[in-house]
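Going letter by letter, the sequence shown gives residues 4 to 480 in my numbering. Here's the structure, in structure tokens; my notes come after.
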Amino acid sequence: MPIGYMTLIYFLLFTYLLFIFPFILQIIFYIASIRRNINTIDISMEAQSSENPPKVTILVPVRNEDPHLVTRLLYEINKLNYGHDKIEVIIISDDLKKDFLKLKNIIENTSKHVDYEVKLLWRPYAKGFKAGALNYGLKHAKGEIITVLDADSLPEQNLLKKALSALRKGYDALMVKWLPSNPNENLLCEAIGSYQKFAFKTLFEGRFKVLGYTGLAGSGFIIRRKVLEKLGGFNENCILEDVDLGLRLFLKKYNIGFLTNTYVSLEVPSDYLSYREQQKRWAYGAAQVMKRYFISILKSTRSIIEKLEYSVYLSQYISSLLLLLFTLLATLLYFAYGSIDFIFKPLLTLWVFIFSIYTGLFIHFNVRGGLSIFRAIRIAGRISGVTYPMMPHLMLSTFKALIGIRLFWLVTPKGARKREFKVRKRFPLIYETLYFILLALLLFGVLSKGYLLISSWILLQLSSAPYFYYMFLKEKI
4 MPIGYMTLIY FLLFTYLLFI FPFILQIIFY IASIRRNINT IDISMEAQSS ENPPKVTILV
64 PVRNEDPHLV TRLLYEINKL NYGHDKIEVI IISDDLKKDF LKLKNIIENT SKHVDYEVKL
124 LWRPYAKGFK AGALNYGLKH AKGEIITVLD ADSLPEQNLL KKALSALRKG YDALMVKWLP
184 SNPNENLLCE AIGSYQKFAF KTLFEGRFKV LGYTGLAGSG FIIRRKVLEK LGGFNENCIL
244 EDVDLGLRLF LKKYNIGFLT NTYVSLEVPS DYLSYREQQK RWAYGAAQVM KRYFISILKS
304 TRSIIEKLEY SVYLSQYISS LLLLLFTLLA TLLYFAYGSI DFIFKPLLTL WVFIFSIYTG
364 LFIHFNVRGG LSIFRAIRIA GRISGVTYPM MPHLMLSTFK ALIGIRLFWL VTPKGARKRE
424 FKVRKRFPLI YETLYFILLA LLLFGVLSKG YLLISSWILL QLSSAPYFYY MFLKEKI
């Protein structure tokens, strides 16, 4: 066999393994998550009580947020079962001055009706992304414990009490699960909310049960102030400061726990364009963190398995690039060397097997949550139908991060701001359409040669197009 042929075959197999491994890990994590007898944080009612709880500072960064969401959050914090004299809320505004003044009037009025201290800070020159706002708030904080909440957060009433109990068991930082606060807003919210809960079940709860550590997400994490300051605060050069901080905690071998018995409810995107903007930012940020710390991960004193797992965890969004690369490589091999069915058939069979298990577990999770099988299947199809079309955007965002090009994105609209975003909803789906055209051309080419296996692979990727365009044009997503 020619050297070039074997090189392409090996590269194809390598790409395939990198693409499929995150799905295998999530399957393992989900199975672990439904086992109750491994690695959970036991919180007794006795441990939750304390005569002298530490002061907690809740940091709330805001930028172009609906002021009524901030007001709602302040009232929800007032319901927390924690000494209100031990709670301090710092709201850090990166708004324009006129918007800040409106927010200030609302906050001043609301603060008269709550039993804890509220501070409102304004950064006239917003820099360092969300991390810059958090660091600014940290400088003014009095608390020994730092909690971060987004404006649309709805914390469970015992969140701080349960977190304190876990911190006293030796944890340095904690993450709580996310629940969607608007799953009934429309069909897309239901699908995204279901998938978000599944992601927390696997990538946070299951991961913690298997490995004893977890990552952090942008709202609902709690950390000891002295630990945060020892790490140098939040990284202002990264747009996903939560993922960055979680990795630095991991590299320094701090204990990061996950609490399953408390939560923060948050809004999920209610239309495709908002969802796409959110995922673009997450894809860029994950690749940015991976690029920045890859060598540090390799050099760390963590075990080889832990290094490998964390690298895969950070590389989830890179799967979009790997999927396209695998498809292009396979098509090239078919055109250049004739049928490679002897290689492609087992790869396709394995993928169908793994993806079927993955989808089955997602359906199982939703059925356990009270949905009918039929409804769970529809949600699985819906989330796939709206997620796959954004692949080119995820690829581009990932690529920009890897080569150091700055990403521009729109803040995910929440509350009343969503109505303003809908005015811009007629953005053309240029990248989605070009991507589907590319796949259609590849499909036509391999079909004309009679290569049915690779044709079925490409057809699977094209299958979401009719549903996606129908739902988008009908303004159902």
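Each residue gets a CB set at the ideal place from its N, CA and C atoms; glycine is no exception.
With a CB to CB cut of under 8 Å and the five nearest residues on each side skipped, what residues in its chain are close to residue i?
i, result
"leucine 335", "Leu11"
"methionine 48", "Low confidence applies to methionine 48: its pLDDT is 45, below 50, so where it sits in the model is not reliable, and the reading given next is rough at best. Hits under 8 Å: none found."
"isoleucine 357", "Ile23, Phe26, Ile27, Ile30"
"histidine 143", "Ile93, Lys122, Leu124"
"tryptophan 181", "Gln199, Lys200, Phe203, Ala220, Ser222, Gly223, Tyr266, Val267, Ser268, Leu269"
"phenylalanine 475", "Tyr275, Leu432"
"lysine 417", "Glu68, Asp69, Leu72, Ala154, Asp155, Glu270"
"glutamate 239", "Lys130, Gly131, Phe132, Ala134, Gly135, Asn138"
With DSSP as the reference, identify every bridge partner of residue i, one or two as the case may be.
i, result
"isoleucine 259", "Ala176"
"isoleucine 521", "For the chain, the structure presents residues 4 to 480; residue 521 sits outside this window and is missing."
"isoleucine 242", "Paired residue(s): none; isoleucine 242 is not in a bridge."
"leucine 269", "Pro183"
"valine 65", "Ser96"
"proline 158", "Val267"
Residue i to residue j, Cα distance in whole Å?
i, j, result
"isoleucine 242", "phenylalanine 345", "44 Å"
"tyrosine 472", "leucine 106", "39 Å"
"glutamine 160", "glutamate 79", "8 Å"
"leucine 350", "alanine 443", "21 Å"
"tyrosine 257", "isoleucine 461", "44 Å"
"threonine 205", "leucine 214", "12 Å"
"serine 446", "tyrosine 8", "Per the sequence shown, the amino acid found at residue 446 is leucine instead of serine. Cα to Cα, leucine 446 sits roughly 22 Å from tyrosine 8."
"glycine 260", "serine 314", "19 Å"
"lysine 89", "aspartate 102", "30 Å"
"phenylalanine 132", "glycine 218", "20 Å"
"methionine 394", "aspartate 118", "47 Å"
"isoleucine 480", "serine 387", "13 Å"
"leucine 463", "threonine 330", "11 Å"
"histidine 87", "asparagine 81", "8 Å"
"leucine 234", "phenylalanine 411", "28 Å"
"tyrosine 361", "proline 127", "47 Å"
"leucine 332", "tyrosine 174", "46 Å"
"tyrosine 33", "arginine 371", "13 Å"
"valine 426", "alanine 169", "Caution is warranted here: a pLDDT of 44 is assigned to valine 426, below 50, making its placement in the model unreliable, and the coordinate value is therefore given only provisionally. Rounded to whole angstroms, valine 426 to alanine 169 spans 45 Å at the Cα level."
"glutamate 120", "phenylalanine 237", "23 Å"
"alanine 290", "leucine 137", "22 Å"
"leucine 437", "serine 400", "16 Å"
"lysine 115", "valine 73", "14 Å"
"arginine 66", "glutamate 91", "20 Å"
"lysine 487", "phenylalanine 211", "This structure does not reach residue 487, given that the chain is present from 4 up to 480, and the question cannot be answered."
"serine 306", "leucine 450", "47 Å"
"phenylalanine 17", "lysine 310", "18 Å"
"arginine 2", "glycine 448", "Absent from the structure is residue 2, since the part of the chain shown begins at 4 and ends at 480."
"leucine 254", "valine 230", "13 Å"
"alanine 50", "leucine 248", "Residue confidence for alanine 50 is low, a pLDDT of 46 falling below 50, so the modelled location carries little weight and cannot support an answer."
"lysine 477", "serine 303", "51 Å"
In the DSSP assignment, the alpha helix (DSSP H) including residue i goes from what residue to what residue?
i, result
"arginine 171", "Note, arginine 171: premise wrong, no alpha helix (DSSP H); not H, not E."
"valine 315", "307-317"
"isoleucine 148", "Premise fails: isoleucine 148 lies in the beta strand (DSSP E), 148-151, not in any alpha helix (DSSP H)."
"glycine 453", "Segment: none, glycine 453 is in no alpha helix (DSSP H) and carries neither H nor E."
"phenylalanine 365", "344-371"
"tryptophan 285", "275-302"
"isoleucine 3", "What is shown of the chain runs 4 to 480, which leaves residue 3 out entirely."
"valine 117", "Neither: valine 117 is in no alpha helix (DSSP H) and is coded neither H nor E."
"isoleucine 3", "Here the chain has residues from 4 to 480 only, and residue 3 is not among them."
"arginine 75", "70-80"
"proline 395", "394-406"
Excluding the five sequence neighbours on either side, which residues of its own chain have a C-beta within less than 6 Å of the C-beta of residue i, listed in chain order?
i, result
"phenylalanine 439", "Ala468"
"tyrosine 391", "Ser467"
"isoleucine 226", "Ile149, Ala176"
"glycine 140", "Leu62, Ile93, Ile95"
"serine 323", "Met394, Leu397, Met398"
"glycine 146", "Lys58, Val59, Thr60, Glu91"
"tyrosine 320", "Ala286, Ala289, Leu397, Thr401"
"leucine 77", "Thr113, Val117"
Need the endpoints of the beta strand (DSSP E) that residue i sits in, please.
i, result
"lysine 122", "120-125"
"arginine 227", "224-227"
Please name the residue, chosen from the options, that lies closest to residue i on a Cα-to-Cα basis.
i, options, result
"asparagine 185", "Ala286, Pro272, Thr304, Arg381", "Pro272"
"asparagine 264", "Ile480, Gln282, Pro158", "Pro158"
"lysine 452", "Leu476, Phe377, Asp69, Ala339", "Ala339"
"serine 342", "Thr150, Leu328, Tyr454, Gly384", "Tyr454"
"isoleucine 37", "Leu405, Phe365, Phe377", "Phe365"
"arginine 295", "Glu312, Gln281, Thr304, Leu317", "Leu317"
Tell me which residues share the same chain as residue i and place their Cβ nearer than 7 Å to its Cβ, disregarding the 5 neighbours each side in the sequence.
i, result
"isoleucine 380", "Ile366"
"alanine 35", "Ile41, Gly209, Lys212, Val213"
"proline 56", "Tyr85, Gly86, Lys89, Leu167"
"valine 179", "Leu162, Gly223, Leu262, Thr265, Tyr266, Val267"
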